[in-house]
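Heads up: the sequence lines are chains A and B, in that order. Here the first sequence is numbered in the working numbering, starting from 801 and rising by one per residue. Here the second sequence is numbered in the working numbering, starting from 801 and rising by one per residue. To keep things clear, I will list the structure first and then write my remarks on it.
Number of protein chains: 2
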Amino acid sequence: MNTINLPTLDDVARLAGVSTATVSRCLNLPAQVRDSTKLRVEAAIADLGYTPHFGGMALASNRTNTVGAIIPTMESAIFARGLQFLQEELSLSGITLLVATSQYDPEKEAQQIRALLGRGVDGLVLIGQERPEETYEFLKARRVPFVLMWTSAPNSPYCNVGFDNHQAAYDMAMHVIGHGHRHIAMIGGITKGNDRASERIHGVSDAMKQHGLTLQPPYLVEAKYTIEQGKTAARQLLRLDPPPTAIICGNDVQAAGALKAVRDAGLTVPDDVSVVGFDDIDLAEAVEPGLTTVHVPHRRMGREAARLIIKMARDRAPAQNISIDTKIVERSSLRDISGQS
Amino acid sequence: MNTINLPTLDDVARLAGVSTATVSRCLNLPAQVRDSTKLRVEAAIADLGYTPHFGGMALASNRTNTVGAIIPTMESAIFARGLQFLQEELSLSGITLLVATSQYDPEKEAQQIRALLGRGVDGLVLIGQERPEETYEFLKARRVPFVLMWTSAPNSPYCNVGFDNHQAAYDMAMHVIGHGHRHIAMIGGITKGNDRASERIHGVSDAMKQHGLTLQPPYLVEAKYTIEQGKTAARQLLRLDPPPTAIICGNDVQAAGALKAVRDAGLTVPDDVSVVGFDDIDLAEAVEPGLTTVHVPHRRMGREAARLIIKMARDRAPAQNISIDTKIVERSSLRDISGQS
DNA sequence: TTGTACGCGTTATCAG
DNA sequence: CTGATAACGCGTACAA
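Here you go:
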């Protein structure tokens, strides 16, 4: 009993001299109400500053016009943009987005799924595909519509809206190799429970194999997606003999850290070492030199995911897989060394 | 009717062979329940994977353990960190944070306040003090506990948790002047409806006055908090005659843009022009050269705000004002030019 | 076109 | 310590 009671449907009905059913209809099925009464009701609503009580609505209708998203973390900006677009598109349909985080922990993700379902979300948006089978079974048993973002899986029975992390990383590695690099190192994300991180590493590794190169520790190191960890990892790589001529990073934040490590070592990007990123967040452009990186289709991904989850929740449409192409954004952190010995 | 029905209190009660009241008590007042029955109930809960239905709880108890925050925007990272800490501290008390955005529009803010109240939030967190009197009256009439962040106002009747934007900007300007700068320009935020932006500008202006300097267009320009707009604004400033030797920015994002503009003009920071920011978000450190900027106490601000809103909502504690000091973080974008003519 | 009446899942009051 | 039972605000058959 914290705030003074908000006005209820009943209050509006009384003031307008109609029944609560009519008020409810004005809100939900305006076509069924005579214009003159509608006007009276609307006046009453405005007068009282009435807002529907969410709990009541949820209880009575068993739907909330709410979609829940569970992302690994809010700390870095990685997921922020995609979510922003998801949210924009959802709000176009009057749907609210509830965001929760899992800290890259499958257990916590399962908890959050339950909590969001308790809040009555009509659908869920999750990141990636790697999670315990029980979680999928739970979702199936409850018939919760859900879409997985940030991955692509054309043949998956689940709804994926995203891009092919393996392919994108493979392309980037090919690009780097095409610039004459042979001593290539990689700072990847923590792969445990993170399929995007693993796929990116495998993509790079596969491209290198194609050219008779191998990617393995100590030239491959896993680090968290922070500037600090990127910097630490890069510092180690620069001390190796022979040192890499190019460092491929699992994301832009790590790459920004790598840039700092190179500078601290008294070297220059891209003259002494090339550094490339992944994600194309704002940071990639703000940093000096600008990062050559993989552009992730945040906008399309967010929008398509929104449209799909709405279709699935509202019309019970079947799952569908949408794969969006990535592309490499050339800035100035990658140098061509083909001409050199 | 989107998902298969979740298990209810009733299901748990039946399975455990007790009444719904007992199950409810197990959850809310465990002390009042005999251990043996508690065990049975807990087993049933685990067995069914029961999660309380939020709407039902809200309806019956008129409480939600939910706090709403309305921030101007999610696009830049400005508010992200503060919110992160707010959220962490709240979750320590089992409270969920719901975030909405107003796009710097007072009208939209009022709407969101209504929407969040409809969702039954126990309290609100808002940014800044500048908003229509009606909004304050509405909040007062409904007796909603609320705290204003990102500002400080020792004598305000409302609860403020933040820092003195005017003072912080004043200090920064004094700092810049202390480094020998006399031709100082400023890229401020859009002041309309944004008291933080106005105060920062006034703070700088007042410090300059103190030294017989004036801040006015075209040396003062308002721009949105984006890299792009910061860059555009800085480009204009650099074309002025005489050009500024230092550019004070309303926030770090603008400063990052200014850095780019300087570089594009073939000049160097800080040798040719000094640039300083405000906020001390990650970007300030990632950028080259690192930004000398005003460190905003995100952590303490978030935590204190959380504690206060909890006290106000739970114990009906009175409003209280908390002002936290800012400090200047020296990196390398500000140069001392005292020795020069 | 409008009104009546019931039920959604939970908490809280009151008896036992 | 536990059980019945009445709210809570709303949507929606069904009836008028």
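From the three backbone atoms N, C-alpha and C, an ideal C-beta is built for every residue, glycine too.
**Message:** Contact defined as beta carbons within less than 8 Å: I believe B/Asp1071 pairs with B/Arg1135. What is the distance between those atoms, to the nearest angstrom?
**Reply:** 7 Å
**Request:** Going by DSSP, name the residue or residues bridged to A/Gly962.
**Result:** A/Ser1123
**Message:** In whole angstroms, give me the CA-to-CA distance for B/Ala1033 and B/Arg1063.
**Reply:** 14 Å
**Request:** Give a yes or no on whether the C-beta atoms belonging to B/Asp1079 and B/Val1094 are separated by under 9 Å.
**Result:** yes
**Message:** Given a cut-off of 9 Å on the beta-carbon distance, is the pair A/Ile987 and A/Leu1040 in contact?
**Reply:** no
**Under 7 Å from the C-beta of B/Asp1082: neighbouring residues of chain A** = Ile1027
**Asked** Nearest-angstrom Cα distance between B/Tyr1025 and B/Ala1056?
**Response** 10 Å
**Item:** the region 877-895 of chain B touching the region 981-995 of chain B, judged by at least three CB pairs closer than 8 Å
**Value:** no
**Asked** Should B/Asn828 be labelled buried (16 or more other beta-carbon atoms within 10 Å of its own) or exposed?
**Response** exposed
**Message:** Strictly below 9 Å CB to CB, what residues from chain A border B/Met874?
**Reply:** Ala880, Leu883, Gln884, Gln887
**Item:** Cβ pair count under 8 Å reaching 3, the region 1107-1123 of chain B against the region 999-1006 of chain B
**Value:** no
**Item:** Contacts around B/Lys1127, its chain only, beta-carbon distance under 8 Å, and the 5 residues preceding and following it disregarded
**Value:** Val1094, His1095
**Prompt:** Would B/Met801 count as contacting chain A if we go by Cβ distances under 9 Å?
**Reply:** Residue placement at B/Met801 is flagged as unreliable, the pLDDT there being 39, under the threshold of 50; the coordinate-derived value follows with that caveat. So yes, B/Met801 belongs to the interface.
**Message:** If I measure Cβ to Cβ from A/Val1053 and keep anything under 7 Å in the same chain, skipping five residues before and after, which residues do I get?
**Reply:** Ser876, Tyr1025, Thr1026, Ile1027, Gly1030, Leu1083
**Three-state secondary structure assigned by DSSP to A/Asp1072** = coil
**Asked** Which runs of the beta strand (DSSP E) fall wholly inside the region 903-962 of chain B and span at least 3 residues, in chain order?
**Response** 923-927, 946-949, 959-962
**Message:** I'd like the list of long-range same chain contacts for A/Asn802, defined as Cβ closer than 6 Å, with 5 residues on each side in sequence excluded.
**Reply:** The pLDDT assigned to A/Asn802 is 49, lower than 50, so where the model puts this residue is not dependable; a value taken from the coordinates is nonetheless given after this. Contacts found: none.
**Message:** Cutting at 7 Å between CB atoms, please list the residues of its own chain near B/Leu1137, excluding the five before and the five after it.
**Reply:** First, the residue type needs correcting, since residue 1137 of chain B is Ile and not Leu in the sequence shown. Counting only Cβ-Cβ distances below 7 Å, and skipping sequence neighbours, we find His979, Gly980, His981, Thr1045.
**Prompt:** Relative to the alpha-carbon of A/Trp950, which residue among A/Pro830, A/Thr866, A/Arg1103 has its alpha-carbon at the smallest distance?
**Reply:** A/Arg1103
**Prompt:** Do you know offhand how far B/Val899's Cα is from B/Val1073's?
**Reply:** 39 Å
**Cβ-based burial, A/Glu909 [other Cβ within 10 Å; buried from 16]** = buried
**Request:** Give a yes or no on contact between the region 856-871 of chain A and the region 830-837 of chain A, applying the rule of three or more CB pairs nearer than 8 Å.
**Result:** no
**Request:** Going by CA-CA distance only, name the one from A/Gly1090, A/Asn805, A/Pro1042 that's closest to B/Arg863.
**Result:** A/Asn805
**Prompt:** If you draw a straight line from the C-alpha of B/His853 to the C-alpha of A/Pro852, how long is it?
**Reply:** 18 Å
**Residues that B/Thr851 contacts on chain A, provided the C-beta gap is smaller than 8 Å** = Arg914, Ala915, Leu917, Gly918
**Prompt:** Which word fits B/Pro1042, buried or exposed, when buried means at least 16 other C-beta atoms lie within 10 angstroms of its C-beta?
**Reply:** exposed
**Message:** Closer than 7 Å between beta carbons: that is the criterion. Which residues of the region 813-843 of chain A meet it against chain B?
**Reply:** none
**Message:** Rounded to whole angstroms, what is the Cα-Cα separation between B/Gly918 and B/Ala831?
**Reply:** 32 Å
**Message:** 9 Å is my cut-off, CB to CB: does B/Val899 come that close to chain A?
**Reply:** yes
**Message:** Is the separation between the beta-carbon of A/Glu971 and that of A/Ala1007 shorter than 9 Å?
**Reply:** At residue 971 of chain A the sequence reads Asp, which differs from the Glu that was named. Cβ atoms of A/Asp971 and A/Ala1007: closer than 9 Å.
**Request:** Could you please tell me which residues of the region 1073-1107 of chain B, in chain order, have their CB closer than 8 Å to any CB of chain A?
**Result:** Asp1082, Leu1083, Glu1085, Ala1086, Val1087, Glu1088
**Where A/Phe1142 meets chain B, residues with beta-carbon distance less than 8 Å** = There is simply no residue 1142 of chain A to check, as chain A begins at 801 and stops at 1141 in what is shown.
**chain B within 9 Å of A/Lys1060, Cβ atoms only** = yes
**Request:** Since I believe A/Gln903 is in contact with A/Thr873 (beta carbons under 8 Å), could you give me their beta-carbon distance rounded to a whole number of angstroms?
**Result:** 6 Å
**Request:** Please confirm if B/Leu890 has its CB atom under 9 Å from at least one CB of chain A.
**Result:** no
**Item:** Burial state of A/Asp922, where buried means 16 or more other Cβ atoms lie within 10 Å
**Value:** buried
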